[in-house]
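Just so we're aligned, residue 800 is where the sequence shown starts under the working numbering, counting upward by one. Where is the CB? At the ideal position from N, CA and C, for every residue including glycine. The structure presented is a predicted model; accordingly, all values stated were derived computationally and were not measured. Notes follow once the structure below has been shown.
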Amino acid sequence: MSDVTSKDNKQSWFYSDIVKNHFFHPRNFIEDGEIDERRFNSIGKVGSPACGDELRVWMKVDPQSERILEFRWRTFGCGSAIASTSMASVVVTENGGMTLDEARKLKPQDIIDRLGGLPQRKIHCSVLCDKALRDAINDYYRRTEQFDKIIAEASRVIDSIAKVTDHDIETAVLEGAQTLEQVQQKTKVGIGNPSCLPAVEELIRFYKEKYFG
Ligand code: FES
800 MSDVTSKDNK QSWFYSDIVK NHFFHPRNFI EDGEIDERRF NSIGKVGSPA CGDELRVWMK
860 VDPQSERILE FRWRTFGCGS AIASTSMASV VVTENGGMTL DEARKLKPQD IIDRLGGLPQ
920 RKIHCSVLCD KALRDAINDY YRRTEQFDKI IAEASRVIDS IAKVTDHDIE TAVLEGAQTL
980 EQVQQKTKVG IGNPSCLPAV EELIRFYKEK YFG
């Protein structure tokens, strides 16, 4: 393992050998000349609110079994996003490919475990590929007119005074906020509207469980 220490907060960041391997040798990365949209039957795209980076994925899904036969990708994200997406591309296509239902059950933590861990501050990078995968699955169901299987991620306003949504709280947790006070420092949620605080605490618990298990 290598150890990178940030100058400002002296926090140690450990990158496993698996992370480094996938960063230096990304699997299933798509080159310019390979982007032939007729070869794929679903596309996903997502931007990260936490850092502004972007990720696109192309999937080839078998129409009979709905297994993911191919998962190709490219990103403007950081090394952790590259390693996470590379590992996700292996996980969803190994052993004949996951079905779309199985792929939906995959959590960012499953990818992080296969990578041998990620620094806390880089968890949001692995969430990027999780969201792009979900966007591509929705795209497949849209193209095949299975509209009842599309799962939309609408955002919900939690504090109408500070204009904070559940996605803002999700982003704060992904950026490392663990407590109500830390989420409030990042979002100002509930400062002028304390009646929403029980809902905020519930969401913090939900996102911590979702991303950190
Ligand atoms: S994806 Fe933007 S910092 Fe990792």
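query: Do Tyr1006 and Val926 have their C-beta atoms closer together than 8 Å?
result: Not in contact: Tyr1006 and Val926 (Cβ atoms no closer than 8 Å).
query: From what residue to what residue does the beta strand (DSSP E) around Glu869 run?
result: In this chain, the beta strand (DSSP E) harbouring Glu869 covers Ile867 to Thr874.
query: Should Asp852 be listed as close to the ligand FES, given that the test is whether its C-beta is under 7 Å from any heavy atom?
result: Yes.
message: Measuring alpha carbon to alpha carbon, tell me which residue in Lys948, Tyr939 and Asp929 is nearest Asp861.
response: Checked all of Lys948, Tyr939 and Asp929; the closest Cα to Asp861 is Tyr939.
message: Rounding to the nearest angstrom, what Cα-Cα distance links Gly895 and Glu901 in this structure?
response: The alpha-carbon separation between Gly895 and Glu901 amounts to approximately 12 Å.
field: Sequence-distant residues of its chain with Cβ nearer than 7 Å to Thr989 (five each side left out)
entry: The residue you asked about is not Thr; residue 989 is Gly in the sequence shown. Excluding sequence neighbours, Gly989 sits near Asp958, Gln983, Cys995, Leu996 and Val999.
Pairwise C-alpha distance: Glu853 and Met800: Bear in mind that a pLDDT of 44 at Met800, under 50, signals an unreliable position, so the model cannot answer this.
- prompt: How long is the line joining the alpha carbons of Asp1016 and Gly878, rounded to whole angstroms?
  reply: Lying before the first or after the last residue shown, residue 1016 is absent from the chain, which here runs from 800 to 1012.
- request: Report the three-state DSSP secondary structure of Gly1012 (helix, strand or coil).
  value: When secondary structure is reduced to three states using DSSP, Gly1012 falls in the coil class, being assigned neither helix nor strand.
task: Assign Lys907 to buried or exposed, taking buried as 16 or more other Cβ atoms, counted over all protein chains shown, within 10 Å of its Cβ.
output: Looking at the sequence provided, one finds Pro at residue 907 rather than Lys. It is buried - the Cβ of Pro907 has at least 16 other Cβ atoms within 10 Å.
- prompt: Looking only at DSSP bridge pairs, what is Thr898 linked to?
  reply: Answer is Arg866, bridged to Thr898.
- prompt: Taking three-plus beta-carbon pairs below 8 Å as touching, is the segment 914 to 924 in contact with the segment 963 to 983?
  reply: With the cut-off at 8 Å, the segment 914 to 924 and the segment 963 to 983 touch.
message: Classify Ser953: buried if its beta carbon has 16 or more other beta carbons within 10 angstroms, exposed otherwise.
response: For clarity, residue 953 is Ala in the given sequence; the question names Ser instead. Result: exposed.
field: Assigned secondary structure, Leu996 (DSSP; H/G/I helix, E/B strand, else coil)
entry: Reduced to three states, the DSSP call for Leu996 is helix.
task: Could you tell me which residues DSSP puts in a beta bridge with Ser954?
output: Residue pairing of Ser954 in beta bridges, as defined by DSSP: absent, with no partner found.
field: Inter-residue Cα distance where the pair is Glu1001 and Lys987
entry: Each residue's Cα considered, the two are about 16 Å apart.
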